[in-house]
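First residue of the sequence shown? That's 1 in UniProt numbering, and the numbers climb one at a time after it. Reading through the structure tokens given below for one structure.
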Amino acid sequence: MAEQTGGGTATAVPDVTIEAPRASRTPQGTLYRGSTGMWSWVLHRITGVAIYFFLLVHILDTALVRLSPEAYNAVIGTYKTPIMNLGEIALVMAIVFHAFNGLRIILIDFWSKGPKYQRAMFWIVIVLWVIAIAGFLPRQLMNLVADFN
């Protein structure tokens, strides 16, 4: 800003202070860090890997039938234990969560309002998962108790 004075031009300096930006306390570079989206991502990956390894073992033990029916029967016999019953419960829980969360991911990807409602959809997935598991768990726990008898 230049002002004309009697003897020449004077420049007025505005009285403005510019503060340096503060360092953010939240980490930058990711949308989900520590939020429901991150936990959904982590659980989806864990359940996916668990299902993959189950399928691998299932294919291998089923293939034993062609090699040796006795070996197949021996392996299947080891599956009829309480520990494997707990493993079956964990497997069903993983499959049900993975399926519901997969539908949620599809909605986020293909529904224009999906990203806006991703958090609410995560909690809907959890509620549906609890309802589905509540229907499955009593019968499976009865099988577990029967294994001990």
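Every residue gets a Cβ at the ideal spot worked out from N, C-alpha and C, and that includes glycine.
Simplified DSSP state of residue i, which is helix, strand or coil
i, result
"Gly48", "helix"
"Pro115", "coil"
"Val16", "coil"
"Ser35", "coil"
"Arg139", "helix"
Span separating the alpha-carbon of residue i from that of residue j
i, j, result
"Asp94", "Leu43", "Before going further, note that residue 94 is Ala rather than Asp in the sequence given. Those two C-alpha atoms are separated by around 9 Å."
"Met38", "Ile131", "23 Å"
"Lys116", "Ile59", "40 Å"
"Ala71", "Pro138", "32 Å"
"Ala90", "Phe54", "11 Å"
"Asn73", "Trp111", "48 Å"
"Gly114", "Leu107", "6 Å"
"Ala146", "Leu103", "35 Å"
"Gly87", "Tyr79", "9 Å"
"Ala63", "Leu56", "11 Å"
"Ala99", "Ile133", "13 Å"
Under 7 Å between C-beta atoms of residue i and residue j
i, j, result
"Thr47", "Phe122", "no"
"Val96", "Trp129", "yes"
"Val127", "Asn101", "no"
"Val49", "Asp61", "no"
"Leu141", "Pro82", "no"
Buried versus exposed, by CB contacts within 10 Å (16 or more), residue i
i, result
"Ser68", "exposed"
"Arg45", "exposed"
"Asn149", "exposed"
**Request:** Output the residue ranges of the alpha helix (DSSP H) runs that lie fully inside the segment 52-117 and measure 4 residues or longer, sorted by chain position.
**Result:** 69-78, 82-110
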